[in-house]
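So for the sequence shown, the numbering used here puts the first residue at 1450; every next one is plus one.
Idealized CB from N, CA, C, for every residue including glycine.
Okay, so here's the structure we're looking at.
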Amino acid sequence: MWPEPIALQRDLVGPRGRSIPSVIPFGALQLIYPAGYADSALSPHLPQDKAEIMGGRTPIDEQHAEIPASLADTVIGAETAREIGLLRP
């Protein structure tokens, strides 16, 4: 059995030692909308073309998400960017 990806763990520690809540509920494999979606403005919301970096998966439908092939298939969402200091609060 493979270890859980870091995005599935409860919290991560940010650059200033603050806890960053994950965008996937602990023990679940589905992403939280809108924080876990690369393009939350997309209509309809599914399927997505990219993965939000902290979510670690590309949502395909209500029950399925895929691990992206590379970092080129991910984006840093606004909530993640604020949490790690790339955007102002």
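inquiry  = Judging by CA-CA distance, which residue of D1522, L1536, L1491 and S1492 is the nearest neighbour of G1504?
reply    = D1522
inquiry  = Between the alpha carbons of T1507 and G1526, how many angstroms are there, rounded?
reply    = 13 Å
query = Distance, Cα to Cα, I1502 vs L1520?
reply = 8 Å
query = Would you say L1480 and A1514 are within 8 Å of each other, going by their C-beta atoms?
reply = For L1480 and A1514, yes; Cβs fall inside 8 Å.
request  = Leaving aside the five residues before and after E1528 along the sequence, list all residues of the same chain whose C-beta is less than 6 Å from its C-beta, in chain order.
outcome  = A1484
task = Would you kindly report the start and end of the unbroken alpha helix (DSSP H) that includes R1531?
result = Counting along the chain, the alpha helix (DSSP H) containing R1531 begins and ends at A1527 to E1532.
message = Do L1495 and I1509 have their beta-carbon atoms positioned less than 8 Å apart in this structure?
response = yes
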